[in-house]
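K.L.:
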Amino acid sequence: MPLSHSVGHVSGAHLNPSISFAFALIDHKDFGWRRFGYYVLAQFVGAFLGSLLVWSLFSGAVAHYEGVNNMVRGQPGSERTAMMFGEYFPNPASYPNQNEVIGIGQAFWAEMLGTAFLAFVIFSVTAPCNNVIPPNFAPLFIGFTVSIIISLIAPLTQAGLNPARDFSPRLLALILGWGDIAIPGPRNGFWIYLLAPMLGAPIGGFLANVCIQRPCKSTEACYELVACSEKKDD
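Numbering (my numbering), first residue to last: 1 to 234.
1) Report the rounded CA-to-CA distance for Tyr235 versus Val101, giving the unit in angstroms.
2) Give every residue of the same chain whose Cβ lies closer than 8 Å to the Cβ of Ala201, excluding the five residues on either side of it in the sequence, and list them in chain order.
3) Smallest Cα separation from Ser151: which of Glu111, His64 and Ala173?
4) Between Tyr39 and Gly205, what straight-line distance do the alpha-carbon atoms span, to the nearest angstrom?
5) Kindly give me the distance between the Cβ atoms of Gln158 and Asn91, rounded to whole angstroms, as I take these residues to be in contact under 8 Å.
6) With DSSP run on the structure shown, which of helix, strand or coil describes Lys29?
7) Can you tell me the Cα-Cα spacing of Asp233 and Gln213, whole angstroms?
8) Classify Leu172: buried if its beta carbon has 16 or more other beta carbons within 10 angstroms, exposed otherwise.
9) Going by beta carbon distance, what residues of the same chain come within less than 7 Å of Gly179, once the five residues before and after it are set aside?
10) Expressed to the nearest angstrom, what Euclidean distance is found between the alpha-carbon atoms of Val45 and Gly77?
11) Can you have a look at Asn162 and say buried or exposed, based on whether 16 or more other CB atoms are within 10 angstroms of its CB?
12) Buried or exposed: which applies to Leu156, given that a residue is buried once 16 or more other Cβ atoms fall within 10 Å of its Cβ?
13) Judging by CA-CA distance, which residue of His64, Phe89 and Leu176 is the nearest neighbour of Leu52?
14) Along the alpha helix (DSSP H) that carries Gly105, what are the first and last residues, could you check?
15) Restricting to Cα atoms, I'd like to know which of Thr81, Leu49 and Phe48 is closest to Ala61.
16) Taking the alpha-carbon positions, what's the Pro135 to Ala127 distance?
17) Just mark Asp30 as buried or exposed, buried being the case when its beta carbon has 16 or more other beta carbons within 10 Å.
18) Quick check on the burial criterion: 16 or more other C-beta atoms within 10 angstroms. Buried or exposed for Arg165?
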């Protein structure tokens, strides 16, 4: 939420490639594909730099945890430390060494559904014709939505919802020695956190466009037509 308020007036606070992709598909007149490319590049680079910052703060704590628990970085079980970078299913903190709890299909569905719900809310609260929510309150509602989604999905898949937030830190984990645990992951599942949000966000944005924005625009056109008719009658 603070980031949205800080940079929203500059860039619209596009911090998620899947949301930017949905806007490029659905609202391409205002958010074109060239702009999408710049945004996605910035998002992935920013996520990598952010993960570097986190590592600079917690590298000692991670090494201590590995030593206390006899954990070898890059070996099975080291997902419990790699999860600070990328996401895993099931959540290693909730179900350690219990991969059978969540299947690949379930993980994909959870990530796609969560991102679709997030996109639906974003498109709805930022719609120009939405007079219920003041523009300055949109980041607050979006932040609450993210919190709700995380509370529901994180025990299953860690609630990635953002390809840049997952892949760029995961790439750093690969560089730092987590190897196959980082990419492709214990079950070759890293692609889920890239593809599922990119499918879910356009679905949520399209539903918001059909259910909220188009009816709203039709109502505005109707009001304008009535107003014009009244002026002619006068």
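Virtual Cβ for every residue (Gly too), placed ideally from N, Cα, C. These figures come from a predicted structure and were not determined experimentally.
P.N.:
Inspection of the coordinates gives the following:
1) What the structure shows of the chain is the stretch from 1 to 234, and residue 235 is not part of that stretch, so it cannot be assessed.
2) Asn16, Ser18, Ile19, Phe21, Ala22, Thr115, Ala116, Leu118 and Ala119
3) Glu111
4) 18 Å
5) 5 Å
6) coil
7) Confidence is the limiting factor: at Asp233 the pLDDT is only 48, short of 50, which leaves the residue's position unreliable, though a coordinate-based value still follows. Using only the alpha carbons, I get a separation of about 30 Å.
8) buried
9) Gly74
10) 28 Å
11) buried
12) buried
13) Leu176
14) Ile104 to Val125
15) Thr81
16) 9 Å
17) exposed
18) buried
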